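These notes are about the structure you will find just below.
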Amino acid sequence: MKTFGFAAQSNTTPLAPFEFERRDLRANDVAMEILYCGVCHSDLHQSRNDWGFATYPLVPGHEIVGRVTAVGSDVSRYKVGDAVAVGCMVDSCLECDQCRKGREQLCRKGMTQTYADKDRITCEPTYGGYSKHLVCREEFVLKVPDGLDIAKAAPLLCAGITTYSPLRTWGVEAGNRVGVVGLGGLGHMAVKLAAAMGAEVTVLSRTKDKEADALALGATRLLVSSDPEAMMAAGSSFDLIIDTVPVKHDINPYLPLLDIDATLVLVGQLGLLDEPSTLPLLFGRRRIAASPIGGIAETQEMLDFCAAKGVLPEVEMIRMDEINHAFERMERADVRYRFVIDMATLAGA
Ligand code: NAP
Ligand code: ZN
Numbered sequence: 001m002k003t004f005g006f007a008a009q010s011n012t013t014p015l016a017p018f019e020f021e022r023r024d025l026r027a028n029d030v031a032m033e034i035l036y037c038g039v040c041h042s043d044l045h046q047s048r049n050d051w052g053f054a055t056y057p058l059v060p061g062h063e064i065v066g067r068v069t070a071v072g073s074d075v076s077r078y079k080v081g082d083a084v085a086v087g088c089m090v091d092s093c094l095e096c097d098q099c100r101k102g103r104e105q106l107c108r109k110g111m112t113q114t115y116a117d118k119d120r121i122t123c124e125p126t127y128g129g130y131s132k133h134l135v136c137r138e139e140f141v142l143k144v145p146d147g148l149d150i151a152k153a154a155p156l157l158c159a160g161i162t163t164y165s166p167l168r169t170w171g172v173e174a175g176n177r178v179g180v181v182g183l184g185g186l187g188h189m190a191v192k193l194a195a196a197m198g199a200e201v202t203v204l205s206r207t208k209d210k211e212a213d214a215l216a217l218g219a220t221r222l223l224v225s226s227d228p229e230a231m232m233a234a235g236s237s238f239d240l241i242i243d244t245v246p247v248k249h250d251i252n253p254y255l256p257l258l259d260i261d262a263t264l265v266l267v268g269q270l271g272l273l274d275e276p277s278t279l280p281l282l283f284g285r286r287r288i289a290a291s292p293i294g295g296i297a298e299t300q301e302m303l304d305f306c307a308a309k310g311v312l313p314e315v316e317m318i319r320m321d322e323i324n325h326a327f328e329r330m331e332r333a334d335v336r337y338r339f340v341i342d343m344a345t346l347a348g349a
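So in full-length UniProt numbering, spot 28 of the sequence shown is number 28, and the numbers just go up one at a time.
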């Protein structure tokens, strides 16, 4: 199938219109027309090759919501017209111990990412959701629950699951004290999801600018991370901190804020950090961890949770041809709190 989208041709070129082929339907494939695609900071990192494993042409986009246009002969869960979604993964081995436990993101043979990866059968490049159509195997397609606004749901497919998964893994429940470092796309979903679980949520931001937003999103307070006195006063006061900062940074100021046995989970920066000290780790038996997205069953659970609790991202809708400007704004942390591309604007772009 011929389709089109926006792609980066190298790590220095802006995104521009790009025509390409989607594969013919395999028996277990679902084809969809993409209606909305969220803009994740990972799309920006990958377009610029910040992590060193981008492949070009690169069609970003892994927060995908669409409508089914065709299904393969063996597909049983979806039919033409269904509202569906695809996140950061489009395949895994589905046979290893991790896949069998529903942790496809930890597949022993490596998950197949939605873009800048290789199809497991043909080795052809995978292309993401900044495009008109997508073909994906049934097991990696999610159902958009009735009652979830499809124009706003897309960011749940990455920002939502990446923050929901650590909240569940570390067993957050009502009354727990959760800190969220960085109030961007992931951060604002962490606040909403933790608050919906009944946690007491604190935003740790670089300035006071987002204080009113933090409270409106469900946090009880905003702590300015550049204020040493306020940080000192918050010592040992968190059961879990989720750090969403997208660049190399110093995590030492956050470690003493954890209570005994509590964990700092890094979901933002990929790669080196400034040197963390073991002192607060040892004296409080505190832990540092990191976490990638979440499994397919957990992603469906998160979508159902959001539908039941009325949790939705704060969305700024953009046109496809505004994407390069959106990337510039994201680099300046000038997003409140997630760009979503309206794919109806892609035709003829
Ligand atoms: P975003 O919308 O740009 O938000 C990042 C936030 O971090 C900003 O709003 C800002 O919050 C803070 N920040 C930005 N620059 C900073 C700096 N230089 N120093 C300190 N804080 C800074 O990004 P996002 O889409 O939420 O993504 C965040 C990171 O998560 C990215 O690196 C992305 O690649 C990664 N990610 C990981 C996974 C995973 O599976 N683990 C999944 C998706 C994304 P304040 O203004 O409040 O300080
Ligand atoms: Zn993402």
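Yeah, the Cβ is synthetic: ideal placement off N, Cα and C, and Gly gets one too. Since the structure is predicted, the reported quantities are computational estimates derived from the model, not experimental observations.
Spatial distance of residue i from residue j (CA atoms)
{"i": "D250", "j": "A347", "result": "44 Å"}
{"i": "V247", "j": "C88", "result": "20 Å"}
{"i": "A195", "j": "E301", "result": "17 Å"}
{"i": "Q9", "j": "M1", "result": "21 Å"}
{"i": "D243", "j": "S73", "result": "43 Å"}
{"i": "A16", "j": "G198", "result": "43 Å"}
{"i": "D274", "j": "G81", "result": "49 Å"}
{"i": "L156", "j": "E19", "result": "27 Å"}
{"i": "T114", "j": "Q269", "result": "20 Å"}
{"i": "L167", "j": "C107", "result": "21 Å"}
{"i": "V340", "j": "F283", "result": "44 Å"}
{"i": "S205", "j": "E104", "result": "32 Å"}
{"i": "D118", "j": "W51", "result": "Residue identity check: residue 118 is Lys in the sequence provided, not Asp. Approximately 17 Å, taken between the alpha carbons."}
{"i": "V178", "j": "N49", "result": "32 Å"}
{"i": "Y56", "j": "T122", "result": "17 Å"}
{"i": "G110", "j": "L94", "result": "10 Å"}
{"i": "R287", "j": "S236", "result": "13 Å"}
{"i": "A212", "j": "N28", "result": "47 Å"}
{"i": "L279", "j": "I323", "result": "44 Å"}
{"i": "A190", "j": "L281", "result": "24 Å"}
Three-state class that DSSP yields for residue i in the structure shown
{"i": "L35", "result": "strand"}
{"i": "M231", "result": "helix"}
{"i": "residue 351", "result": "Examination of residue 351 is not possible in this model, given that the chain is present from 1 through 349 alone."}
{"i": "L259", "result": "It is Asp, not Leu, that sits at residue 259 in the sequence shown. Note: D259 maps to strand in three-state DSSP."}
{"i": "G294", "result": "coil"}
{"i": "A349", "result": "Its pLDDT being 45, under 50, A349 is placed unreliably in this model, and the coordinates cannot settle the point."}
{"i": "F238", "result": "strand"}
{"i": "M111", "result": "coil"}
{"i": "P276", "result": "coil"}
{"i": "A308", "result": "helix"}
{"i": "R100", "result": "helix"}
{"i": "A54", "result": "coil"}
{"i": "D213", "result": "helix"}
{"i": "R48", "result": "coil"}
{"i": "S76", "result": "coil"}
{"i": "A195", "result": "helix"}
{"i": "D117", "result": "coil"}
Whole-Å CB distance - residue i paired with residue j, under 8 Å assumed
{"i": "V267", "j": "L240", "result": "About 12 Å separates the two Cβ atoms, so there is no contact after all."}
{"i": "G147", "j": "A307", "result": "5 Å"}
{"i": "V144", "j": "A153", "result": "6 Å"}
{"i": "T3", "j": "H133", "result": "4 Å"}
{"i": "E63", "j": "C40", "result": "6 Å"}
{"i": "T202", "j": "V224", "result": "Rounded, the Cβ-Cβ distance is 11 Å, inconsistent with contact."}
{"i": "L142", "j": "V84", "result": "6 Å"}
Residues bridged to residue i [DSSP beta-bridge criterion]
{"i": "T3", "result": "F20"}
{"i": "I288", "result": "L264"}
{"i": "A85", "result": "V65, L142"}
{"i": "S205", "result": "V224"}
{"i": "M317", "result": "V340"}
{"i": "E95", "result": "In DSSP, E95 forms no bridge with anything."}
{"i": "K248", "result": "Looking at the DSSP assignment, K248 forms no beta bridge with any residue, so it has no partner."}
{"i": "H133", "result": "E33"}
Starting from the N-terminal side, write out each stretch of the alpha helix (DSSP H) that is 4 residues or longer and does not extend beyond the region 144 to 191. For the region 144 to 191, whole alpha helix (DSSP H) runs of length 4 or above, ordered along the chain, are 159 to 169.
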